[in-house]
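Written below as structure tokens is the structure these notes are about.
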Amino acid sequence: MEGGAVSDARTLTARGAARRTVLLDAAIAVVAEAGSARLTHRTVASTAKVSLASVTYHFSSIDDLRRSMFERALQIVDDQLTETAATGTPDELPRLAADYVIALVEQRRAAVVAMQEMIVAAIHDPALQSTYHAFHHRLAELLSPCVGGYRRGLAVAATLEGLILTALTYPGPDAEDLRQLHAAVLDLINRLRVEPPR
């Protein structure tokens, strides 16, 4: 009997976590489609096709919803970074960085738009700042061996984010736009590339 109760509790926890992810993905869709000003419990409920009570159960305040949505968007972007990094070696970092940028623009567009919206919001919201800074510093650390140190890694990470933001202003980059973006990232990192000491 006790084993069944534990199993039921785990199932509910897993179910609750899955519901929360669905709601956060709906929040990302709202922000990607209409901007962060449109993010409310009601718009998330409508997008996720669930009751308003379900959203308020998981996110008691709009600040909690915003912060959690930002964390989810960054997690999607960070997962893409991990996935792309696994496809090559550190020697291939320029190509990997270019592939990463293209994957974000093509495959993770909604999460990246939501992330950009929340970066702007973080200027005025300290609760969002630490979440963004952790991601930005991780990207800089990954880039730093190739570009000559952590400070340069920070600059390159910021430049990549600027290139991504610019690409997002186009309604749907075509193959030529994506080719040029890939080439621009390759060129940027190859120009700054520092060969590791042997």
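Start counting the sequence shown at 1359; every next residue gets the next number (the numbering used here).
Idealized CB from N, CA, C, for every residue including glycine.
What's the C-alpha gap between Glu1429 and Asp1545?
31 Å
Measure the alpha-carbon distance for Ala1444 versus Leu1501 and round it to whole angstroms.
14 Å
Give me the Cα-Cα distance between Pro1452 and Met1473, rounded to the nearest whole angstrom.
23 Å
Outcome for Arg1450 when other beta-carbon atoms lying within 10 angstroms are tallied against a minimum of 16
Residue identity differs from the one stated: residue 1450 is Glu in this sequence, not Arg. Exposed is the call here.
Could you check whether the Cβ of Gly1530 sits closer than 7 Å to any Cβ belonging to chain D?
The chain labelled as chain D is not found in the depicted structure, where only one protein chain is given.
Beta-carbon separation of Leu1381 and Ala1411 under 7 Å?
no
Status (buried if at least 16 other CB within 10 Å, exposed otherwise) for Glu1464
exposed
Tell me which residues share the same chain as Arg1377 and place their Cβ nearer than 6 Å to its Cβ, disregarding the 5 neighbours each side in the sequence.
none
Is it right to say Arg1424 is buried, meaning 16 or more other beta carbons lie within 10 angstroms of its own, or is it exposed?
buried
Assign Gly1511 to one of two classes, buried (16 or more other C-beta atoms within 10 Å of its C-beta) or exposed (fewer than that).
buried
Can you check whether the CB of Val1459 is closer than 7 Å to the CB of Ile1522?
yes
Do you know how far the Cα of Ala1375 is from the Cα of Phe1519?
First, the residue type needs correcting, since residue 1519 is Glu and not Phe in the sequence shown. Between Glu1519 and Ala1375, the C-alpha separation is close to 30 Å.
Cα-Cα separation between Pro1484 and His1399, rounded to whole angstroms
22 Å
Is the Cβ-Cβ distance between Ser1419 and Ala1479 less than 7 Å?
no
Report, in whole angstroms, the separation of the C-beta atoms of Ala1515 and Leu1526, which I expect to be a contact under 8 Å.
Between Leu1526 and Ala1515 the Cβ distance is about 17 Å, and since that is not below 8 Å, they are no contact.
Check this for me: beta carbons of Ala1461 and Ala1431, under 7 Å apart or not?
no
When the distance is taken between beta carbons, is Val1543 closer than 7 Å to Ala1455?
yes
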